Amino acid sequence: MAWFFSESEINGDTFLLEGENERHARVLRLRPGEAVTVVTPLGVQCECRVEDGCLLRVVEKKPCENEPDVFVTLYQALPKGDKMDYIVQKCVELGVGKIVPMLTERCVSRPDEKTLEKKRARWQKIALQAAMQSRRGTVPEVCSCVSFGEAVSLSAQNDKTVFFYELGGDSVKTILDEKPKTIGMFIGSEGGFSAQEAQQAIGSGAAAATLGKRILRAETAPLAGLSIIMYQTDNF
């Protein structure tokens, strides 16, 4: 079944796929009578049938129940190459709520501002495609790249912040002993975090956490950390 996201609420009995949705529908070669799902910005899941081309008839409306009941923001240090593409795709599939790329002391990749914005636009498209494939109830936002200090300040908005540190820390189970509504998680680049960065984050209220005795690759760590958080908060 095709899965789409609308930019506005659906008030009537019919809905016309436009823009990127129209292009995607034509690639799928939707035929009259086929079932299609459209999710609105308020998380209303509209079950539809294709009338003609990109014109859909709404058959049923119901709340989308595919979202986690915790909102996880990933603060991800920029990795080398195209690893961020993979991180965005898989973390959206696993239920991340928002992704904030950041530059840390040990980031090898340091694109200029113009290049970063182009990358962010591509990452947002990847997030959309992953949300459609995994049937999310919303498309997670990929924010503009920030400095590590800015990321630490932003993370103060979360009920809990988990700072995954290669030099160790507590288990996620211990840190999330009481289920919060919003969680921030920090993941470093290939070189990890510096001691000064760890001290700054922990001093601002983040809890140092471990991902075990083995050192994970930059593109593996966010998936492992997010999976643990989702499991610990009963979102699997």
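In our numbering, the protein residues as written are 92 to 327.
Positions of the beta carbon are idealized from the N, C-alpha and C atoms, including for glycine.
In this text the structure is predicted, and so the values were computed from the model without any measurement.
* Identify the continuous alpha helix (DSSP H) that holds residue 208 and give its terminal residues. => As a position in the sequence shown, residue 208 is number 117, starting the count at 1. Start and end: 204–224.
* **N-terminal and C-terminal residue of the alpha helix (DSSP H) that residue 297 is part of** => Residue 297 sits at position 206 when you count from the first residue of the sequence shown. First-last for residue 297: undefined, no H or E at that position.
* Asked: Where does the unbroken beta strand (DSSP E) through residue 320 begin, and where does it stop?
  -> Residue mapping note: residue 320 aligns to position 229 of the sequence shown, counting from 1. Per DSSP, residue 320 belongs to no beta strand (DSSP E); it is in the alpha helix (DSSP H), 312–323.
* Asked: Which of the three DSSP states, helix, strand or coil, is assigned to residue 248?
  -> Locating residue 248 in the sequence shown gives position 157, where the first residue counts as 1. Of the three classes helix, strand and coil, the one that applies to residue 248 here is coil, per DSSP.
* Residues near residue 113 in its chain [Cβ-Cβ closer than 7 Å; skip 5 each side] -> As a first step, residue 113 must be located in the sequence shown, where it is residue number 22. Same-chain partners within the cutoff: 145.
* What's the call for residue 317, buried or exposed, on a 16-neighbour Cβ count within 10 Å? -> Here the question's residue 317 lines up with position 226 in the sequence shown. That one is buried.
* **Under 8 Å between C-beta atoms of residue 201 and residue 285** => Taking the first residue of the sequence shown as position 1, residue 201 is located at position 110. Taking the first residue of the sequence shown as position 1, residue 285 is located at position 194. No, they are not a contact pair.
* Note down, one range per segment and in chain order, each alpha helix (DSSP H) of at least 4 residues found wholly within the segment 109–139. => 110–119
* Candidates 282, 251, 314 and 258: which alpha carbon is nearest residue 161's? -> In the sequence shown, residue 161 corresponds to position 70, counting from 1. Residue 251 is the option with its Cα nearest to residue 161.
* Taking just the CA atoms, how far does residue 320 sit from residue 142? -> Position 51 of the sequence shown, counted from the first residue, corresponds to residue 142. Position 229 of the sequence shown, counted from the first residue, corresponds to residue 320. Whole-angstrom Cα-Cα distance: 42 Å.
* To do: Look up residue 194 in the DSSP assignment and say whether it is helix, strand or coil.
  => Within the sequence shown, the letter at position 103 stands for residue 194. DSSP places residue 194 in strand when its eight states are reduced to three.
* What residue does the alpha helix (DSSP H) around residue 304 start on, and which one ends it? -> The residue given as residue 304 occupies position 213 in the sequence shown. That residue, residue 304, is in no alpha helix (DSSP H); it is neither H nor E in DSSP.
* To do: Quick one: grab the DSSP three-state call for residue 176.
  => Translated into the one-based positions of the sequence shown, residue 176 becomes position 85. Of the three classes helix, strand and coil, the one that applies to residue 176 here is helix, per DSSP.
* Across which residues does DSSP place residue 166 in a beta bridge pair? -> Along the sequence shown, one-based indexing puts residue 166 at 75. Paired residue(s): 191 and 277.
* To do: Write down the C-beta distance between residue 262 and residue 301 rounded to the nearest angstrom, noting that I regard them as a contact closer than 8 Å.
  => The residue labelled residue 262 in the question sits at position 171 within the sequence shown. The residue labelled residue 301 in the question sits at position 210 within the sequence shown. Yes, they are in contact, since the Cβ atoms of residue 262 and residue 301 sit about 7 Å apart, within 8 Å.
* Asked: Should residue 195 be labelled buried (16 or more other beta-carbon atoms within 10 Å of its own) or exposed?
  -> As a working note, residue 195 is residue 104 in the sequence shown. Buried is the call here.
* residue 193 and residue 167: beta carbons closer than 8 Å? -> As a position in the sequence shown, residue 193 is number 102, starting the count at 1. As a position in the sequence shown, residue 167 is number 76, starting the count at 1. Against a cut-off of 8 Å, the Cβ pair of residue 167 and residue 193 comes out as a contact.
* To do: Could you tell me which of 151, 149 and 175 sits nearest to residue 313, measuring between CA atoms?
  => To locate residue 313, count along the sequence shown from 1; it is residue 222. Comparing Cα positions, the closest option is 175.
* Asked: Does the ligand NAD have a heavy atom nearer than 7 Å to the CB of residue 140?
  -> By its list of ligands, the structure shown contains no ligand whatsoever, and the ligand NAD lies outside what it can speak to.
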